[in-house]
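Engineer: Per my numbering, residue 7 is the first one in the sequence shown, and the count goes up by one each step.
Glycine included, each C-beta is placed from N, C-alpha and C at the ideal position.
If you're wondering where the values come from, they're calculated on a predicted model, not measured in any experiment.
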Amino acid sequence: MAGGLLSGLGMLLASFATSLTHLYMSIGLLSGFGWALVFTPSVASVARYFKKRRTFATGLAFTGVGLSSFAFSPLFQFLVDTYAWRGALLVVAGMSFNLVVCGALIRPLTLKEDLASPGDPGGSCLGKLSTLFGLPLLSHWPFMRFVLAVTLINTGYFIPYVHLVARARELGFDEYQAAFLMSVAAMADLCGRLLSGWLADCRAFRLSHILVAWTSLTGISLALVPLGRSYPLLMAIGVCYGFFSGALTPVVFSILPEIVGIGWIFGSMGLLQMMESIGGLLGAPFSGWLRDMTGDYMASFLAAGAFLLAGSLVLVTLPNFSSCLGTSSPACRGTQVEAGAEPAPLTPASGEHSSQDRD
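1) Check this for me: beta carbons of T46 and G203, under 7 angstroms apart or not?
2) Candidates L144, I261 and F82: which alpha carbon is nearest M280's?
3) Can you tell which of A206, A77 and I284 has its C-alpha closest to the C-alpha of N160?
4) Does DSSP classify I165 as helix, strand or coil?
5) State the Cα-Cα distance for the pair F68 and V49, rounded to the nearest angstrom.
6) Please report how far the alpha carbon of M101 lies from the alpha carbon of M17, in whole angstroms.
7) As an exercise, report each continuous beta strand (DSSP E) stretch of at least 3 residues that is fully enclosed by the stretch 52–102, in chain order.
8) I'd like the list of long-range same chain contacts for V190, defined as Cβ closer than 8 angstroms, with 5 residues on each side in sequence excluded.
9) Candidates F152, F259 and L196: which alpha carbon is nearest S51's?
10) State buried or exposed for M275, treating a residue as buried only when at least 16 other CB atoms are found within 10 Å of its CB.
11) Return helix, strand or coil for S334, following the three-state DSSP convention.
12) Could you pull the start and end residues of the alpha helix (DSSP H) that T300 belongs to?
13) Mark D298 as exposed unless 16 or more other C-beta atoms lie within 10 angstroms of its C-beta, in which case mark it buried.
14) Does the pairing of the stretch 195–212 with the stretch 151–159 give three or more beta-carbon distances under 8 angstroms?
15) Use the C-beta contact count for Y163: other C-beta atoms within 10 angstroms, 16 or more gives buried, fewer gives exposed.
16) Are the beta-carbon atoms of S318 and S227 separated by less than 7 angstroms?
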């Protein structure tokens, strides 16, 4: 709810901007912070509400990303043509304020895997703050390896969003053909999220194996982009990239409870988002620098594919067990992390044990 309020307020203030600095402060800082507050709790709430069909539920929730990628660009252009850019930002602000209503509809759950409340007596102030910000996860080596893998993945993941259209224009295709590439990739992305969620919940393969497969295929499809010199071939590669990249997204977030336990889902997702954003921030400028140095986009897309393949190699090192940091189930008590690297478990919160009712 706070994120919806901040993101809408940022867009509202941006409609009154008189300089580029005002846009940086309103959209970049205020709305960006609001969207960050919206995204992490939304994804984590899905993981807490669902147990048996968690990956499919996550994939279904993420279809909104594919739909918005397909629809928002022409919608915003229509709003700009109709109401000018200030009016368009006002409409987007109204859309963002609807997130407050969506947040009010999410019912909080109390699960048996939850950590002890930071306000519980019996712990030091420093220990409570450490738990509140998820700092024990920094010594949880399977989680930190997972963070490294996702950061590498993110470094290459968003490069096509920035440079694929420019690559198509470089090959001589007109602006509408180039833009249509991303629209088709967005629709393939949507299909990939749904199919990946369904496949993962069939339990025929481990989530870690599925994630490595989708990540590797995404990396290979990016490395093949320089071969797409005709429009049909470039379109086919774009569809493959959209499908595979969409397929890996729900698995990334669904595997987190298996690594850290559902009680740490909010803290782990916040830390993961913070670290992987560094990769997303550096990937596009780095690929642009490669383009300037080499004179074409071949090195840029090869590097993008290499980052994803490197991330898949790190994922292979994850242990084949469900780490249950912060829980006290019999299975978790018998689990060993590497040579004494398991962080000390925390006491589960008392309260209603409703996780057995989730599906």
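Structural biologist: Quick look at the numbers:
1) Locating residue 46 in the sequence shown gives position 40, counting from the first residue. Locating residue 203 in the sequence shown gives position 197, counting from the first residue. No. Outside cutoff.
2) Along the sequence shown, read from residue 1 onward, the residue named residue 280 stands at position 274. Ranking the options by Cα distance to M280, first place goes to L144.
3) Stepping through the sequence shown from its first residue, residue 160 is reached at position 154. Taking only the C-alpha atoms, the option nearest N160 is I284.
4) If you number the sequence shown from 1, residue 165 lands on position 159. Note: I165 maps to helix in three-state DSSP.
5) The residue given as residue 68 occupies position 62 in the sequence shown. The residue given as residue 49 occupies position 43 in the sequence shown. A straight line joining the alpha-carbon of F68 with that of V49 spans about 9 angstroms.
6) One-based indexing of the sequence shown puts residue 101 at position 95. One-based indexing of the sequence shown puts residue 17 at position 11. Roughly 10 angstroms between the two C-alpha positions.
7) none
8) Looking up residue 190 in the sequence shown gives position 184. Same-chain partners within the cutoff: M241, G244, V245 and G248.
9) To locate residue 51, count along the sequence shown from 1; it is residue 45. Closest by alpha carbon: F259.
10) The count along the sequence shown starts at 1 and reaches residue 275 at position 269. That one is buried.
11) By 1-based counting over the sequence shown, the position of residue 334 is 328. Here the model assigns S334 a pLDDT of 37, short of 50, so the residue's position is not dependable, and the following value carries that caveat. Reduced to three states, the DSSP call for S334 is coil.
12) Counted from its first residue, the sequence shown places residue 300 at position 294. For T300, the enclosing alpha helix (DSSP H) begins and ends at I271 to T300.
13) The count along the sequence shown starts at 1 and reaches residue 298 at position 292. So D298 counts as exposed.
14) no
15) As a working mapping, residue 163 is identified with position 157 in the sequence shown. Burial call: buried.
16) On the sequence shown, position 312 is the one that residue 318 refers to. On the sequence shown, position 221 is the one that residue 227 refers to. No; because the gap between Cβ atoms is not below 7 angstroms, this pair is not in contact.
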